[in-house]
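Student:
Numbering (full-length UniProt numbering), first residue to last: 1 to 308.
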């Protein structure tokens, strides 16, 4: 009898979790049991002004998520006014949503904005959010439906439409190579999508969380020149792909090339070609940003060999 009762409860719990994670048209930051905000009591953020762990014996389900509460009083308050107390943006990092994607949270980063419970990923996200709280909240509200529709993956925000980057179909630059490793190691290292950052419309992967942190602290130092397009091609007014293993650091800036021939031609008159690329790049941005459909035809040598 006990075993039968136990398995009945187990099946019900698993069903509840499955329902919480698969409710159509929603995107929720849930744990393996289908519980939101890591089991913390959403009402306590308002009443106690701090995170308070909930108790599974005081729980309810709302819009596909299971909520835990510290007391019956808090459970009753939530049941009466769930929209008042629920976390915004499915319990994901609000600052990340304002940038067009989801990210996990640390409940210690919470704030109450316009009577809404807002959570962030870490202190860096808090700092970014606090630069323009109301503006970032408007952006998060604006982008949330599209982020949900894209299952939490990065969407192209309005601000990013003004940038021009050599990225793959998922928006990843440098074919996933760790841009910081070009500066710190003997050779470029492949990045890990678990350690990522978004900068000026491109997603960067890193081989270590330390490299990701270095990039986030100073992205302009590490980001490749010319949006990660071939430097020699840009000096000719063209947009061409790159080989991530053909590159150089010029005055502390990363420049990549498509082929060894492109590298050699670029370096025949390095300073002049960098100047040409620097002059052509703003023109290419103005012409192609938000409209890039494919690479230009390759540059050819006098004997009809492809250079870039």
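Virtual Cβ for every residue (Gly too), placed ideally from N, Cα, C. All values reported here derive from a predicted model rather than from experimental measurement.
Might you give, ordered along the chain, the residues of its own chain that have their beta carbon closer than 6 Å to the beta carbon of residue 261, omitting 5 neighbours on each side?
Tutor: Walking along the chain shown from the start, residue 261 turns up at place 261. Closer than 6 Å at Cβ, skipping near neighbours: 307.
Student: What's the C-alpha gap between residue 12 and residue 29?
Tutor: On the chain shown, position 12 is the one that residue 12 refers to. On the chain shown, position 29 is the one that residue 29 refers to. Legend: pLDDT at residue 12 = 45, less than 50; position of this residue unreliable, value from coordinates given subsequently. C-alpha separation (whole angstroms): 21 Å.
Student: Give the secondary structure of residue 116 by DSSP, where H, G and I count as helix, E and B as strand, and everything else as coil.
Tutor: For the purposes of this step, residue 116 is taken as the residue at position 116 of the chain shown. Assigned with DSSP and collapsed to three states, residue 116 falls in strand.
Student: Is it a yes or a no for the segment 222-236 touching the segment 187-194, going by three-plus beta-carbon pairs under 8 Å?
Tutor: no
Student: Residue 313 and residue 177: beta carbons closer than 9 Å?
Tutor: What the structure shows of the chain is the stretch from 1 to 308, and residue 313 is not part of that stretch, so it cannot be assessed.
Student: Look up residue 55 in the DSSP assignment and give the residues it is bridged to.
Tutor: Against the chain shown, residue 55 aligns to sequence position 55. Answer is 69.
Student: Roughly how many angstroms lie between the CA atoms of residue 139 and residue 212, to the nearest whole one?
Tutor: Within the chain shown, the letter at position 139 stands for residue 139. Within the chain shown, the letter at position 212 stands for residue 212. So the alpha carbons of these two residues sit roughly 24 Å apart.
Student: Using three-state DSSP, classify residue 257 as helix, strand or coil.
Tutor: Taking the chain shown and counting its residues from 1, one reaches residue 257 at position 257. Residue 257: strand per DSSP, three-state reduction.
Student: Is the Cβ-Cβ distance between residue 154 and residue 124 less than 9 Å?
Tutor: Here the question's residue 154 lines up with position 154 in the chain shown. Here the question's residue 124 lines up with position 124 in the chain shown. Going by C-beta atoms, residue 154 is not nearer than 9 Å to residue 124.
Student: Leaving out five residues before and five after residue 292 in sequence, what residues of the same chain have Cβ atoms less than 8 Å from its Cβ?
Tutor: Within the chain shown, the letter at position 292 stands for residue 292. Closer than 8 Å at the Cβ level, and outside the excluded window around residue 292, lie 164, 239.
Student: Classify residue 136 as helix, strand or coil using the three-state DSSP reduction.
Tutor: Position 136 of the chain shown, counted from the start, is the residue given in the question as residue 136. Helix at residue 136.
Student: Pull the bridge partners of residue 101 from the DSSP assignment, please.
Tutor: Walking along the chain shown from the start, residue 101 turns up at place 101. Looking at the DSSP assignment, residue 101 forms no beta bridge with any residue, so it has no partner.
Student: Can you tell which of 268, 108, 146, 157 has its C-alpha closest to the C-alpha of residue 89?
Tutor: Position 89 of the chain shown holds residue 89. For residue 89, the nearest C-alpha among the options comes from 146.
Student: Taking the beta carbon of residue 86 as the centre, do at least 16 other beta carbons fall within 10 Å, making it buried, or is it exposed?
Tutor: Residue mapping note: residue 86 aligns to position 86 of the chain shown, counting from 1. With 16 or more Cβ atoms within 10 Å of its Cβ, residue 86 is classed as buried.
Student: Give the C-beta separation of residue 68 and residue 35 to the nearest angstrom, bearing in mind that I take them to be a contact with Cβ-Cβ under 8 Å.
Tutor: For the purposes of this step, residue 68 is taken as the residue at position 68 of the chain shown. For the purposes of this step, residue 35 is taken as the residue at position 35 of the chain shown. With a Cβ gap of about 6 Å, residue 68 and residue 35 count as contacting.
Student: Does residue 249 come out as helix, strand or coil in the three-state DSSP assignment?
Tutor: In the chain shown, the residue the question calls residue 249 occupies position 249. Correct three-state label for residue 249: strand.
Student: Just verifying my parser: in three-state terms, what is the DSSP assignment at residue 202?
Tutor: Position 202 of the chain shown, counted from the start, is the residue given in the question as residue 202. Correct three-state label for residue 202: strand.
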